[in-house]
């Protein structure tokens, strides 16, 4: 099913979901003041340039910190990327051998990680290889990222 609204386009194979999105969409448009503020911010070239530069630098620092910690700990990750807010890490060595090829086995490991103060999203939604998890580094301040990496490495 296809729903085209002035604010967005939505595509789903589920008629009930498409109908629900159509009903809810009118309540989620940004307000006029929000649009005006966003436009003013984006039109401020000096601010935009400075902001994007800071974001790029924070992404680079987060990536370097993350990949250095993973390398030191001997945890494999997908190399060769040049942009992004996360890295894929291979935690397949930590899966229960009985569920090594079963994507559901990732959930047991994910639960065990959560119980130890680490939240990593299992790869069942975004990776075809069992045991690869997505480690997001961009949404965290440096102190939180360092603590999370410490917990993962010590796990």
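Residue numbers (this note's numbering): 2 to 156.
Here a beta-carbon is modelled for each residue, glycine too, at the ideal position from N, C-alpha and C.
Just so it is clear, the structure is predicted and the values come from calculations on it, not from any experiment.
Given residue i as reference, the closest of the options once Cα atoms are compared
| i | options | result |
| --- | --- | --- |
| residue 155 | 123, 134, 114 and 139 | 114 |
| residue 86 | 96, 108, 138 and 146 | 138 |
| residue 75 | 45, 111, 40 and 91 | 91 |
| residue 142 | 37, 66, 50 and 31 | 66 |
| residue 150 | 73, 20, 17 and 40 | 73 |
Span of the alpha helix (DSSP H), counted from its first residue to its last, around residue i
| i | result |
| --- | --- |
| residue 137 | Taken as a continuous stretch (DSSP letters only), residue 137 belongs to no alpha helix (DSSP H), being part of the beta strand (DSSP E) at 133–137. |
| residue 155 | 143–155 |
| residue 89 | Here residue 89 belongs to no alpha helix (DSSP H); instead the beta strand (DSSP E) covers 87–91. |
| residue 67 | 46–74 |
| residue 108 | 106–116 |
C-beta contact flag for residue i and residue j at 9 Å
| i | j | result |
| --- | --- | --- |
| residue 93 | residue 101 | yes |
| residue 131 | residue 103 | yes |
| residue 107 | residue 123 | yes |
| residue 134 | residue 111 | yes |
| residue 109 | residue 152 | no |
Residue i versus residue j - alpha carbon distance
| i | j | result |
| --- | --- | --- |
| residue 148 | residue 121 | 14 Å |
| residue 42 | residue 48 | 7 Å |
| residue 129 | residue 71 | 21 Å |
| residue 78 | residue 63 | 15 Å |
| residue 35 | residue 58 | 27 Å |
| residue 69 | residue 14 | 42 Å |
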